[in-house]
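K.L.:
Sequence lines, in order, name chains A and B. Sequential numbering from 1 applies to the first sequence in the numbering used here. Sequential numbering from 302 applies to the second sequence in the numbering used here. C-beta atoms are modelled at their ideal positions from N, C-alpha and C, and glycine is treated no differently.
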Amino acid sequence: MDKHYLNYLDELESEAIYALREVAAQFTNPVIMFSGGKDSILLTYLAEKAFYPAKVPFPLLHVDTGHNFPETIQFRDDLIKSLGAKLIVGSVQDSIDEGRVQEEKGKFATRNSLQITTLLDAIENNKIDCAIGGGRRDEEKARAKERFFSHRDDFGQWDPKNQRAELWNIFNGKHFEGEHFRAFPISNWTEMDVWNYIARENISIPSLYFAHDRDVIRRNDSWIPDSEYLIKNESEAVVRKKIRFRTLGDITITGGIESEADTLEKIVEEVSAMRSTERGNRSDDKRSETAMEDRKKQGYF
Amino acid sequence: METDNNQLLRFTTAGSVDDGKSTLIGRLLYDSKSIFEDQLDAIKTRSQIKGEHEVDLAMFTDGLKDEREQGITIDVAYRYFTTPKRKFIIADTPGHIQYTRNMVTGASTANAALLLIDARHGVLEQTRRHSYIASLLQIPHVIVCINKMDLVDYSEARFDEIIQEYKSIASKMMIKDVRFIPISALNGDNVVTRSKNMDWYQDAPLLHTLETLHIGSDINKIDARFPVQTVIRPQSKEFIDYRGYAGRIQSGRFKVQDEVLVMPSGFTSKIKSIDKGKESINEAFAPMSVSITLEDDIDVSRGNMIVRKNNVPKKTQEINAMICWLGNEAYQPRTKFLIQHTSNEQTAMIKDIVYKIDIETLNRLTDDNNIQMNDIARITIKTAGPLMIDEFNNNRQTGSFILVNPNTNETVAAGMCI
Chain A
1 MDKHYLNYLD ELESEAIYAL REVAAQFTNP VIMFSGGKDS ILLTYLAEKA
51 FYPAKVPFPL LHVDTGHNFP ETIQFRDDLI KSLGAKLIVG SVQDSIDEGR
101 VQEEKGKFAT RNSLQITTLL DAIENNKIDC AIGGGRRDEE KARAKERFFS
151 HRDDFGQWDP KNQRAELWNI FNGKHFEGEH FRAFPISNWT EMDVWNYIAR
201 ENISIPSLYF AHDRDVIRRN DSWIPDSEYL IKNESEAVVR KKIRFRTLGD
251 ITITGGIESE ADTLEKIVEE VSAMRSTERG NRSDDKRSET AMEDRKKQGY
301 F
Chain B
302 METDNNQLLR FTTAGSVDDG KSTLIGRLLY DSKSIFEDQL DAIKTRSQIK
352 GEHEVDLAMF TDGLKDEREQ GITIDVAYRY FTTPKRKFII ADTPGHIQYT
402 RNMVTGASTA NAALLLIDAR HGVLEQTRRH SYIASLLQIP HVIVCINKMD
452 LVDYSEARFD EIIQEYKSIA SKMMIKDVRF IPISALNGDN VVTRSKNMDW
502 YQDAPLLHTL ETLHIGSDIN KIDARFPVQT VIRPQSKEFI DYRGYAGRIQ
552 SGRFKVQDEV LVMPSGFTSK IKSIDKGKES INEAFAPMSV SITLEDDIDV
602 SRGNMIVRKN NVPKKTQEIN AMICWLGNEA YQPRTKFLIQ HTSNEQTAMI
652 KDIVYKIDIE TLNRLTDDNN IQMNDIARIT IKTAGPLMID EFNNNRQTGS
702 FILVNPNTNE TVAAGMCI
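1) List the residues of chain A that Ser409 (chain B) touches, going by C-beta distances under 7 angstroms, in chain order.
2) Can you give me, in chain order, the residues of the segment 186 to 220 of chain A that have a beta carbon less than 9 angstroms from any beta carbon in chain B?
3) Cα separation between Tyr384 (chain A) and Lys127 (chain A)?
4) Less than 6 angstroms between C-beta atoms, sequence neighbours within five positions excluded: which residues of the same chain meet that for Met450 (chain B)?
5) If the cut is a Cβ gap below 7 angstroms, which residues of chain B does Ile17 (chain A) touch?
6) Using the rule of at least 16 other Cβ atoms within 10 Å of the residue's Cβ for burial, across every protein chain shown, is Arg665 (chain B) buried or exposed?
7) Would Ile533 (chain B) and Ala54 (chain A) qualify as a contact pair, given that the criterion is a beta-carbon distance under 8 angstroms?
8) Below 8 angstroms on the Cβ atoms is my contact criterion, and I expect Tyr331 (chain B) with Leu358 (chain B) to pass it. Report the Cβ-Cβ distance as a whole number of Å.
9) Quick check on the burial criterion: 16 or more other C-beta atoms within 10 angstroms. Buried or exposed for Gly700 (chain B)?
10) Any C-beta of chain B sitting closer than 8 angstroms to the C-beta of Tyr300 (chain A)?
11) What residue range is occupied by the uninterrupted beta strand (DSSP E) comprising Asp478 (chain B)?
12) Whose C-beta lies closer than 6 angstroms to the C-beta of Asp64 (chain A) among residues of the same chain, with five residues either side of it excluded?
13) Quick check: is the beta carbon of Gln74 (chain A) nearer than 8 angstroms to any beta carbon in chain B?
14) Just to confirm my understanding: we take Pro57 (chain A), look at its own chain, exclude 5 residues before and 5 after, and list those with CB closer than 7 angstroms. What are they?
15) Mind checking if Thr7 (chain A) is an interface residue toward chain B, Cβ cutoff 8 angstroms exclusive?
16) Counting only the same chain and skipping the five closest in sequence on each side, list residues whose C-beta sits under 8 angstroms from that of Gln530 (chain B).
17) At 7 angstroms on the CB atoms, spell out the chain A contacts of Gln641 (chain B), in chain order.
18) Please classify Ile768 (chain B): does DSSP put it in a helix, a strand, or coil?
19) Identify which residue in B:Ser333, B:Asp559, B:Leu688 and B:Val561 has its Cα closest to the Cα of Thr383 (chain B).
20) Going by the beta-carbon positions, is the gap between Ile224 (chain A) and Val216 (chain A) smaller than 8 angstroms?
21) Helix, strand or coil: which one does DSSP assign to Trp168 (chain A)?
22) Can you check which of these residues, B:Cys446, B:Ala714, B:His422 and B:Ser574, is closest to Ile631 (chain B) by C-alpha distance?
23) Quick one: what does DSSP say Trp223 (chain A) is sitting in, helix, strand or coil?
24) Output, in sequence order along the chain, the residues in the segment 148 to 159 of chain A whose CB is closer than 7 angstroms to any CB in chain B.
25) Would you please state the rounded distance, in angstroms, between the beta carbons of Met564 (chain B) and Lys616 (chain B)? I believe it to be under 8 angstroms.
26) Under a three-way DSSP split, which group does Val655 (chain B) fall into?
27) Any beta-carbon of chain A closer than 8 angstroms to the one on Asp451 (chain B)?
28) DSSP on His509 (chain B), reduced to helix/strand/coil?
29) Taking the alpha-carbon of Ile654 (chain B) as reference, which of B:Leu562, B:Phe460 and B:Thr681 has the nearest alpha-carbon?
30) So, is the C-beta of His330 (chain A) closer than 8 angstroms to a C-beta in chain B?
31) Put Lys615 (chain B) into one of helix, strand or coil per three-state DSSP.
32) If you follow the beta strand (DSSP E) that Gln308 (chain B) is part of, which residue opens it and which one closes it?
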């Protein structure tokens, strides 16, 4: 038996490292878009591997909605410290204060789509020519059409019908002044692959991903965490549940699932038995059939 | 984990509009239980809105708004599914003419191509075009799925007839491994499970075929090629002398202490270490991403290629190649392009258009120099600096390149070295 082939996790790892190195070589001022979620943590881990023993050559860009899980911010700060990397924060609150965007109103108000302006401002102000994201093609139907190197015009917009052809593994990152790219090194990973890899490499992730007791309300078939930012109805009673989060976003819209999985092994087991997608608990995607596509065209992650 | 020895198989799908490609993919995803409940619910709702009683499997692969409105696929969409034997990546590419460049994109990384033929219509112009692209891009395996067998009464005679038709067009092409499977994507015959309606067909259904295709030989394992992407030079005191050449092995393998040659400079050295993150390994092979350090302090940078001393690619500034034109605008003579070949980038010009291929007849047109989108031509390119190339037929990685128009930054052509 010829042992000179890679199993799929090693092949995905190699592909991602290749893409990260292409970004470092082809762009002058790239950043990693860091949300504190597992995909951006994985990305940062892969970047460490790609450039070791040198430091990760990208600053981390965090678009801060102001509606964070405190655990996420703690995790972010610890990671920055251990990497010795630079952190750039784009603040949605600042964008609101400066009058660049207006807060949504009502019970279902979120700062999710407000992030687009903050992100694009941060890209422009910091002269970023490539923003590396942890987007995966299996996440959502608009993301299924992304390239590894995805071109944005000088308004930060994505034109899905007119994307550059991407052949073999030759990435064309050529762009004019003012335009930028999004790069997606883990395009080909699925949620299962991410968890299998995190477990295999024993990558540290925020405690929010593990089962824990939390005050929550029931909304849209999800357990939404109670927080100072949440606007509740009288009928929405706060209860204490053992839950964990499958994805992490803005605290007002990230729903948890009831779970007993408190180790990486148990999470892998749980995810492989899941019958719904991880974004099923994200109310930002439930707004309409094309919610993600519409936001992506404008410049969303 | 039991997934440890699982390989990754990438395949692309091609067929004419309405051949049932999306339905087939929907069927593979659905029957392999790769569709989640919330996705299924969303599609049930949409099927009901459209007044359909059955769940429309094709909807699983619909993505963008325009596609849903027009009921067609516009761009390459990637789908994923896993069975206990393998992980699969599907590049779902559109069938109609104006989007051929997307098929080329999907085909470029594929181990296998699924080619759909409507059993009622047999081999069409599109079939010929797609097969030709599959052979041009050297997809190692082609699986011809003769679909809608339910609409020809599951006729073995019709199946055989189409095989003959297909073989007569394929005989002019270079397809290494071709198989035929009679299916009905709509009803699931021979997709995941064996058809009860075609007991005359003795071979494996589609999924089993995909799970067992031998893909170990799809990568060139002989010719060691390591294009340098970037140089790793840590600033820390601990690694002050570290100089690692970072890249992905495109073919073959390298061992510590191998005598190597750096191209194009011609300097020789020995491999001191092969590093993968914090781990040092003794041997690395394609397609691993590693960092290589050398015994001697020589000048190596992005665009250089590390190879074994006794097995070298061709170093040249004149390339004979087949190209597929991808640009929206036709080729303008005397344009200065950028050629991207592995990590190497040079200014290039098309020196000669030897012939164009008539995709209908596969004849060579020697007096037509007008190259437009979707055209396939044999050309000669001159480059300002040397490239280290192999023949595409021997090495898909080091035999391929793209042309970029510096005025628009668009990728305008895909090229395969002869």
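P.N.:
Concretely, from the data shown:
1) What Ser409 (chain B) touches in chain A: Leu167 and Trp168.
2) Ser187, Asn188, Trp189, Thr190, Met192, Asp193, Asn196, Ala199 and Arg200
3) Because chain A here runs from 1 to 301, residue 384 (chain A) falls outside it and cannot be looked at.
4) Ala420, Pro483 and Ser485
5) Ser590
6) exposed
7) yes
8) 6 angstroms
9) By the 10 Å Cβ count, Gly700 (chain B) comes out buried.
10) Under the Cβ distance rule, Tyr300 (chain A) does not count among the residues neighbouring chain B, no pair being separated by less than 8 angstroms.
11) Asp478 to Pro483
12) Cβ neighbours of Asp64 (chain A) beyond the five flanking positions: Val89 and Ser91.
13) no
14) Ala24 and Phe51
15) Looking at the sequence itself, residue 7 (chain A) is Asn, so the reference to Thr does not match. Closer than 8 angstroms: yes.
16) When the five nearest sequence neighbours on each side are left out, the beta carbons in the same chain lying within less than 8 angstroms of the beta carbon of Gln530 (chain B) are those of Ala547, Gly548, Arg549, Arg603 and Ser644, in order along the chain.
17) Ile170 and Asn172
18) With chain B covering 302 to 719 only, the question about residue 768 (chain B) has no answer from this structure.
19) B:Ser333
20) yes
21) coil
22) In the sequence on display, residue 631 (chain B) carries Ala and not Ile. Looking at the Cα atoms, B:Ala714 is the closest of the given residues.
23) strand
24) none
25) With 8 angstroms as the limit, Met564 (chain B) and Lys616 (chain B) qualify as a contact, their Cβ atoms being about 6 angstroms apart.
26) In the structure shown, Val655 (chain B) sits in a strand (DSSP, three-state: E or B).
27) no
28) helix
29) B:Thr681
30) Since the displayed chain A opens at 1 and closes at 301, residue 330 (chain A) lies outside it and no answer follows.
31) strand
32) Gln308 to Ala315
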